[in-house]
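*Asks:* Supplied in structure tokens, the structure appears directly below.
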Amino acid sequence: MNATVNEFNDVGDILVLPLFEGIEKAPNNALSGLSRTQRSLVNEALASDSFTGKSGKRLDVWTAGCQVVLVGMGEDPSDKACRDAGAKTLAGLSKDHGTNVTTRFTTGWSTSKMALFAEGMILRDYSFDKYQQKEDDDNQSDWNLTCQASPRHQTGLSAAVSKSSAIATGVHVARELGNEPANVMYPEEYARRAMEWAKGKSNVEVEVWDFERLKKEGMHGVIAVGKGSERKPCMVFFRLNPNVQKDDQVPCIVGKGITFDTGGISIKPSAGMEDMKFDMHGSATVFGLFVALQASGYKGRVNGITCMAENMPSAGAYRPGDIIDTYSGKTIEVLNTDAEGRNVLADGLWKSAELNPSYIVDLATLTGACVVALGHEASGLWSNDDGLSARIHEAGNVEDEIAWPMPLLPAFEKEMTGSKVADVQNLGKGRWGGACTAAGFLKQFVQDRDGKQIPWAHLDIAGTAWGASTNAMVANGATGIHVRTLHRLITE
Ligand code: BES
Ligand code: MN
Ligand code: ZN
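Going by our numbering, the letters in the sequence shown line up with residues 1 to 492, in that order.
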């Protein structure tokens, strides 16, 4: 979508008018640029009982040359309601009569609420239909959005719309990576796309550690999980603005990138297994975050690490009972090959501490147990640092990407360090608290600095990375979750 901001002038093929409850006639400027006939059609609709401005209600008025869409905003919509309304409005538009959309903000709109409505439209404009044949008369052009508001809003709204557009490119990249099927999106294809993105960008570096390099470095957590597949594992390092703040501590974001999770030898049941193409969404969010940071012009240094592997059963696969010698020097007793995310993150997390991080955040579609606990409404948030946890929670609230604090209790860690044959085991004692024991496992791979663990937070996005039907920003499939949260965390 191309999105710009302008004063009230001409209208496009579609005119979107978001209006507050109680409006009975068109506010000033709402109908400028329309002919007398067009105005009277809209005014009649506004005066009728068919449109009251109630939230969630919408009325389309056909006029020659311009479809006018009246959107009810209720009396005093929340930030979330404004963003959601923009998204739902875009979702309901058809390209049959053109792709030039004018959204007019008139009486009652603050700059920030306008920006949120526009952001919803921008974020919602993504679909994954590239593998489907198109009808000849399907309009394939991109939307062209003009947001119109009075002069005093121009500067603020323009800046907000540009920023949202930049961040949305990252969200959409994350969704695209997540949605790609596993026959297309395997570890080295992810790495190739990262390299391709970095090409020609002077403030970006992407480095790929292939299978050979992983062996040389001793990344046996990633290797163990990935070695059963024809598609070999790799790690991808993202560096934004690598030449500034050289001695400063800067954030490092780590992502689980299982391009397909069959469960391995501890194989999963077939029902729903197709969804395991999304098991790399942690890595998709990391990639999308770097796209968003770069596109929005962030000037600080940031590091990212993704651990890419395909978890397959084969003659070369790792087995239950295996003992993995991870990069950290700690050994893992494999009790279930389907608890693979934590094995790859063990290496990624340990490595992240070498980059002198101010804090580490990892993202992973880690456990079904997290979906049991929080459904599709919130990601689980575990942290060894209350300040960091609060900042992530707050950023998530502002972006309506809820990250809900969960307990990192010593007892959970103890369950994971009780192995008789290795330093840690990759399964808890039972099913209970499965998302918490997983977090307790990860904590074993966060290094100390000056006698204290580096601030670290873990986001379990198993329930929020896809299949979140209440997420108005997305039609279906991958959500691009937490690109916006982390962009805010890092830049604000
Ligand atoms: N990728 C899955 C977690 C998952 C399951 C995400 C369902 C989204 C929806 C992960 O690798 C996994 O298989 N976890 C196991 C862990 C168990 C073996 C301790 C799980 O949750 O069952
Ligand atoms: Mn698994
Ligand atoms: Zn998995």
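In this text, a Cβ means the ideal position worked out from N, Cα and C, and glycines have one as well.
Can you tell me whether DSSP reads G72 as helix, strand or coil?
*Replies:* Start at 1 with the first residue of the sequence shown, and residue 72 comes out as number 72. Strand at G72.
*Asks:* In whole angstroms, what is the alpha-carbon distance linking V483 and E217?
*Replies:* Taking the first residue of the sequence shown as position 1, residue 483 is located at position 483. Taking the first residue of the sequence shown as position 1, residue 217 is located at position 217. So the two alpha carbons sit approximately 29 Å from each other.
*Asks:* Assign Y126 to buried or exposed, taking buried as 16 or more other Cβ atoms, counted over all protein chains shown, within 10 Å of its Cβ.
*Replies:* If you number the sequence shown from 1, residue 126 lands on position 126. Buried: at least 16 other Cβ atoms inside 10 Å.
*Asks:* Pull up the distance between the alpha-carbon of A395 and that of D136, whole angstroms please.
*Replies:* By one-based count along the sequence shown, residue 395 stands at place 395. By one-based count along the sequence shown, residue 136 stands at place 136. Distance between the alpha carbons of A395 and D136 is about 44 Å.
*Asks:* From Q38 to Q132, what distance separates their C-alpha atoms?
*Replies:* As a position in the sequence shown, residue 38 is number 38, starting the count at 1. As a position in the sequence shown, residue 132 is number 132, starting the count at 1. Cα to Cα, Q38 sits roughly 38 Å from Q132.
*Asks:* Identify, in the order they occur along the chain, each residue of the same chain with its Cβ nearer than 8 Å to the Cβ of P320, setting aside the five sequence neighbours on each side.
*Replies:* By 1-based counting over the sequence shown, the position of residue 320 is 320. Correct list, in chain order: I265, S266, V334, L335, N336 and T337.
*Asks:* Tell me whether Q425 sits in a helix, a strand or coil according to DSSP, three-state version.
*Replies:* The residue you call residue 425 lines up with position 425 of the sequence shown. Q425: strand per DSSP, three-state reduction.
*Asks:* Would you check if the distance between the CB atom of V291 and the CB atom of V173 is smaller than 7 Å?
*Replies:* Within the sequence shown, residue 291 is the residue found at index 291, counting from 1. Within the sequence shown, residue 173 is the residue found at index 173, counting from 1. Yes, they are a contact pair.
*Asks:* Report the three-state DSSP secondary structure of S162 (helix, strand or coil).
*Replies:* Here residue 162 corresponds to residue number 162 of the sequence shown, with the count starting at 1. Of the three classes helix, strand and coil, the one that applies to S162 here is helix, per DSSP.
*Asks:* What three-state label does DSSP hand L388 in the structure shown?
*Replies:* Taking the sequence shown and counting its residues from 1, one reaches residue 388 at position 388. If DSSP states are grouped into helix, strand and coil, L388 belongs with the helices.
*Asks:* Using CA coordinates, which residue listed in N9, D423 and V474 is at the minimum distance from A87?
*Replies:* For the purposes of this step, residue 87 is taken as the residue at position 87 of the sequence shown. Among N9, D423 and V474, the Cα nearest to that of A87 is on V474.
*Asks:* For A160, which of A115, A411, W197 and A309 has the nearest alpha-carbon?
*Replies:* Here residue 160 corresponds to residue number 160 of the sequence shown, with the count starting at 1. The residue with the shortest Cα to Cα distance from A160 is A115.
*Asks:* By a C-beta neighbour count over all protein chains shown, 10 Å radius and 16 as the cutoff for buried, is A271 buried or exposed?
*Replies:* Reading the sequence shown from its first residue, position 271 is the one you call residue 271. Result: exposed.
*Asks:* If we count Cβ pairs, one from each stretch, closer than 8 Å, do we get three or more for the region 227-241 versus the region 202-209?
*Replies:* yes
*Asks:* What residue does the alpha helix (DSSP H) around G221 start on, and which one ends it?
*Replies:* Translated into the one-based positions of the sequence shown, residue 221 becomes position 221. Looking at the DSSP string, the run of the alpha helix (DSSP H) that includes G221 is H220 to G226.
*Asks:* Using a strict less-than 5 Å threshold between each residue's beta carbon and the heavy atoms of the ligand ZN, what residues do you get?
*Replies:* I258, D261, D279 and G341
*Asks:* Could you name the residues that DSSP lists as bridge partners for E333?
*Replies:* As a working mapping, residue 333 is identified with position 333 in the sequence shown. DSSP, once it has assigned bridges, lists I323 and Q425 as partnering E333.
*Asks:* Does DSSP put T52 in a helix, in a strand, or in coil?
*Replies:* Indexing the sequence shown from 1 puts residue 52 at position 52. Here T52 carries a coil assignment [DSSP, helix/strand/coil].
*Asks:* On the DSSP letters alone, give me the boundaries of the alpha helix (DSSP H) that V42 sits inside.
*Replies:* As a first step, residue 42 must be located in the sequence shown, where it is residue number 42. It spans R36 to A47 - the alpha helix (DSSP H) in which V42 sits, taken as one unbroken run.
*Asks:* DSSP state of D84, grouped into three classes?
*Replies:* Here residue 84 refers to the residue found at position 84 of the sequence shown. Residue state, collapsed to three classes: helix.
*Asks:* Buried or exposed, going by whether 16 or more other CB atoms sit within 10 Å of the CB of E24?
*Replies:* For the purposes of this step, residue 24 is taken as the residue at position 24 of the sequence shown. So E24 ends up on the exposed side.
*Asks:* Is D49 near the ligand BES, judged by its Cβ being under 6 Å from some heavy atom?
*Replies:* Working through the sequence shown from its first residue, we reach residue 49 at position 49. False, no ligand heavy atom lies under 6 Å from that Cβ.
*Asks:* Please classify N343 as buried or exposed, where buried requires at least 16 other C-beta atoms within 10 Å of its C-beta.
*Replies:* What you label residue 343 is simply residue 343 of the sequence shown in a count that begins at 1. The residue in question, N343, is buried, as its Cβ has 16 or more Cβ neighbours within 10 Å.
*Asks:* Please specify which runs of the alpha helix (DSSP H), each continuous and at least 4 residues long, are wholly inside the region 357-410, giving them in chain order.
*Replies:* 368-374 and 386-398
*Asks:* Under a three-way DSSP split, which group does F238 fall into?
*Replies:* Position 238 of the sequence shown, counting from 1, holds the residue named residue 238. Of the three classes helix, strand and coil, the one that applies to F238 here is strand, per DSSP.
*Asks:* If you reduce the DSSP assignment to three classes, tell me which class V206 lands in.
*Replies:* The sequence position of residue 206 within the sequence shown is 206, counting from 1. Strand, per DSSP.
*Asks:* Three or more beta-carbon pairs under 8 Å between the region 370-383 and the region 292-301, yes or no?
*Replies:* No: fewer than three Cβ pairs fall under 8 Å.
*Asks:* Helix, strand or coil for V101 per DSSP?
*Replies:* In the sequence shown, residue 101 corresponds to position 101, counting from 1. V101 falls in the strand class under three-state DSSP.
*Asks:* Give the DSSP-derived three-state secondary structure of K268 in the structure shown.
*Replies:* If you number the sequence shown from 1, residue 268 lands on position 268. Coil at K268, not helix or strand.
*Asks:* Can you tell me the Cα-Cα spacing of E119 and F278, whole angstroms?
*Replies:* Sequence index remark: in the sequence shown, residue 119 carries index 119 (1-based). Sequence index remark: in the sequence shown, residue 278 carries index 278 (1-based). Computed Cα separation, rounded: 25 Å.
*Asks:* Taking only the alpha-carbon atoms, compute the straight-line gap between D138 and P410 and give it to the nearest angstrom.
*Replies:* Taking the first residue of the sequence shown as 1, we reach residue 138 at position 138. Taking the first residue of the sequence shown as 1, we reach residue 410 at position 410. Those two C-alpha atoms are separated by around 57 Å.
*Asks:* Taking 6 Å as the cut-off, does the CB of D450 come closer than this to any heavy atom belonging to the ligand MN?
*Replies:* Looking up residue 450 in the sequence shown gives position 450. Every heavy atom of the ligand MN is 6 Å or more from the Cβ of D450, so no.
*Asks:* For the region 439-487, which segments carrying the beta strand (DSSP E) assignment without a break, of at least 3 residues, lie completely within its bounds, in sequence order?
*Replies:* 456-460
*Asks:* Note down, in chain order, each residue of its chain lying with its Cβ closer than 6 Å to the Cβ of A317, except the 5 sequence neighbours on either side.
*Replies:* For the purposes of this step, residue 317 is taken as the residue at position 317 of the sequence shown. Cβ within range, chain order: G228, G264 and I265.
*Asks:* Let's see if you can read the secondary structure: which residues bound the beta strand (DSSP E) around L19?
*Replies:* The residue labelled residue 19 in the question sits at position 19 within the sequence shown. From DSSP, the beta strand (DSSP E) with L19 extends over I14 to L19.
*Asks:* Does M308 come out as helix, strand or coil in the three-state DSSP assignment?
*Replies:* The residue given as residue 308 occupies position 308 in the sequence shown. Three-state DSSP puts M308 in a strand.
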